[in-house]
Amino acid sequence: MTDSGRSVQHSHITRGARLDGRYLMEEPVGDGGRAPLWRALDEVLSRRVAVRILPTGSPEATSTAAAVLAAARVASGVGDPRLARVLDARSGGEVGYVISEWVDGEPLTDLLRHGPLPATTAGYLIAEAASAAAAAHAHGVPHLRLHPGNVLRTPAGGVRVTGLGVSAALAGTQADDPAAADAEGLGRLLYAALTARWPDGPAFGLEEAPTAGGRPRSPRQIRAGVPTLLDSVTRRAMGECIGREEPLRSPAEVAAALGDIPRPADLGPQSTAESTVAMQSPFVQSPFADRPAGTSAADTTVVTRPPVSGGHTRPGVPRADRHPTVAFRFGRSAGNGASAAPSRVGGALRGLTAVILLGALGVLAAQVVSAVREDPGQSPQPPGATGTATPPAPDDAGPQVVEVAAVSDFDPPPGDGEEHSAEVDNAVDGDPATAWTTSTYFGDPVLGGIKDGVGLLLDLGAVRDVESVDVSLVGEGTDVELRAARRRGAAADDYRVVSDAAGAGGQATLTPDEPFRARWVLLWLTRLPPDEAGDYRGGVSEVEVRG
């Protein structure tokens with residue numbers, strides 16, 4: 007294997023050398039090592055390739071080279087557009103070599119140099135990597151070396167996984183349960199993408215993740231804004247389950263748990279070469295909304311309802327200001343996507359039109375009902391009425407309970423917009439045994455030092471007179487503010503503070519200096535009580551507005 011008298015033995019590879027008279031060595035990649043990687047030009051097919059050089063000058067090197075070549079030949083039978091293909095594997099003379107598809111792209115190691123990725127981008131990239139690994143396992147080929155250097159983002163925003171079979175053989179990596187090992191590798195990758203930390207100590211240019219009790223803290227514990235779903239998938243893939251969560255034991259399970267995460271806008275439009283996009287049901291719950299552990303996005307059914315006054319929906323239905331009610335679900339096509347697409351598009355558009363009309367009718371009906379309720383003087387009189395209304399008798403019973411039309415969790419940036427939204431109805435169900443609770447925070451009662459507060463937002467349905475708010479708190483030692491506004495705001499400062507209580511526990515009554523008028527009432531928790539484990543978690547079991 008020479009060209010112009012130049013040997014391509016391991017210790018003498020130089021730029022411009024040719025391998026087998028076909029592969030022109032252009033540039034070494036990485037730091038060399040015992041099996042250096044080169045970018046080369048396949049002069050026969052005029053394409054860039056990756057060449058892994060395998061020295062065979064010693065018994066140990068020969069054994070390693072044989073294992074790598076065998077693994078490469080097995081991996082060459084796996085076809086998936088997200089996996090870098092093995093094109094050739096040969097041995098001869100003092101070196102063997104593996105020829106693989108050259109992938110233009112940035113590895114996660116480079117992407118994370120300046121900090122963690124946006125949560126949606128991190129979730130999308132690792133979901134694609136999980137699907138690629140699942141495809142390899144379907145052919146009986148595990149990866150076993152999933153790390154930030156082997157997952158690349160292409161210029162078109164796609165995902166490519168390199169090193170299938172070869173990386174593990176080079177490192178001598180084996181596993182009793184290959185599927186579980188790759189699931190754990192995907193969990194580490196997702197952890198790194200969300201935090202720019204590595205859970206197993208400093209590696210791949212990443213700092214070590216902070217730990218508690220010898221275990222890495224979860225992504226949500228060290229970075230504000232990490233969606234609950236991604237935090238849960240990360241922990242379950244790494245075997246760090248909480249409560250009834252079940253571990254994810256294969257790449258296919260990781261991919262299913264992540265669901266069909268829409269392609270983030272920062273990755274640009276998807277090319278047809280990357281994958282085929284099939285438009286399915288026009289209604290889909292965001293993959294970042296809370297759902298029971300162990301379920302995927304495909305397991306969740308979203309029921310759409312006419313909006314109540316103010317456009318707020320009840321818990322369990324995506325809110326317009328958090329997740330769009332109408333969205334397109336992106337997934338991989340099944341069957342002949344070309345022939346199915348027109349009917350899908352037509353059906354989706356017809357369904358979308360119908361929902362818009364129904365929504366408009368619902369809004370109109372709600373406005374009419376609200377107007378009638380709020381302005382009795384405009385109500386039609388029954389037959390025979392004289393037109394003179396009898397004034398109500400004076401009410402000496404004191405402040406009356408003001409009905410809460412809707413309740414939602416309130417977690418503005420730097421929070422992730424979600425704080426146990428499935429529990430919010432517990433605060434207004436009349437049952438003190440149930441409660442809405444915050445997430446658990448660590449190291450600092452002021453929400454772990456990652457944000458200023460979190461709370462419950464009460465919608466009174468219309469501007470009402472409010473004299474006080476009774477609240478039953480979870481735990482002892484909560485700092486809580488009563489805030490109010492006539493219009494809904496996006497940040498806590500959009501609501502003025504009308505009362506507060508420090509170190510409260512059990513029953514607390516928040517009474518402002520004077521009654522106020524507001525539609526939106528915010529219970530804003532700024533300091534949380536300790537829980538049994540010594541961490542911090544608060545909550546509200548009941549709240550009652552009086553006016």
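Heads up, the sequence shown stops at 553 in this note's numbering, and the numbers go up one at a time, no gaps.
Cβ atoms here follow ideal geometry from the backbone N, Cα and C, with glycine treated the same way.
What you are looking at is a predicted structure, and each value in this text was computed from that prediction instead of being measured.
- Per DSSP, Ser414 is one residue of the beta strand (DSSP E) stretching across 412-416.
- Taking the Cα of Thr115 as reference, the smallest distance to any Cα among Asp422, His153, Gly129 is reached at His153.
- Straight-line measurement puts the Cα of Arg223 at about 36 Å from the Cα of Ala77.
- In the three-state reduction of the DSSP assignment, Asp437 falls in the coil class, being assigned neither a helical nor a strand state.
- The criterion of a C-beta distance shorter than 9 Å is not satisfied by Ala128 and Leu51.
- Here Val430 carries a helix assignment [DSSP, helix/strand/coil].
- A straight-line Cα-Cα distance of about 7 Å links Gly155 and Phe210.
- For the set Pro205, Val503, Asp86, Thr515, the Cα lying nearest the Cα of Val477 is the one of Thr515.
- Between Trp530 and Arg494 the beta-carbon gap is near 14 Å, outside 8 Å, which marks them as no contact.
- For Val104, the closest C-alpha among the options Ala181, Leu170, Leu466, Ala144 is that of Leu170.
- Looking at the DSSP output, Thr443 bridges to Gly545.
- When secondary structure is reduced to three states using DSSP, Tyr103 falls in the strand class.
- Residue pairing by DSSP places Leu89 opposite Val167 in a beta bridge.
- For Gly178, the closest of Gly164, Thr70, Ser82 by C-alpha to C-alpha distance is Thr70.
- The three-state reading of DSSP puts Ile248 in coil, since its state is none of H, G, I, E or B.
- Taking the Cα positions, Ala258 is about 27 Å away from Asp422.
- In this structure, DSSP gives Gly512 an extended state, which the three-state scheme calls strand.
- Bridge partners of Asp471 according to DSSP: Arg523.
- Non-local C-beta neighbours of Glu134 in its own chain, meaning closer than 7 Å and more than five positions away in sequence, comprise Arg88, Val165, ordered along the chain.
- Counting only the Cα atoms, His426 lies some 18 Å from Pro451.
- The residues Asp86, Arg88, Leu89, Val167, in chain order, have a CB closer than 6 Å to that of Ala138 in the same chain once the five nearest residues on each side in sequence are set aside.
- In this structure, Gly121 is the residue among Ala187, Leu150, Pro233, Gly121 with its C-alpha nearest to the C-alpha of Glu213.
- By the Cβ neighbour-count rule, Gly102 is buried, with 16 or more other Cβ atoms within 10 Å of its own.
- Between Thr484 and Thr532, the alpha-carbon positions lie close to 8 Å from each other.
- Residues of the same chain with a CB within less than 7 Å of the CB of Glu112, apart from the 5 flanking positions on each side, are Leu158, Arg159 in chain order.
- Following the DSSP letters along the chain, one finds Ala56 inside the beta strand (DSSP E) bounded by residues 53-61.
- Leu254 is a Cβ neighbour of Val239, given a cutoff of 9 Å.
- Judged by DSSP in its simplified three-state form, Val232 adopts coil rather than helix or strand.
- Secondary structure at Arg159: strand, using DSSP grouped into helix, strand and coil.
- Here DSSP, grouped into helix, strand and coil, assigns Val452 to coil.
- Assignment of Asp183 by DSSP, reduced to helix, strand and coil, places it in the coil class.
- If you ignore the 5 residues before and after Val503, its C-beta comes within less than 6 Å of the C-beta of Glu487, Arg489, all in its own chain and listed in chain order.
- From the listed residues Leu273, Arg21, Trp44, the smallest Cα separation to Gly36 is found for Trp44.
- Annotated three-state conformation of Gly461 is strand, per DSSP.
- Of the candidates Val413, Glu548, Ala497, Val413 places its Cα closest to the Cα of Ala428.
- Within the model, the alpha-carbon separation for Val260 versus Pro225 is close to 17 Å.
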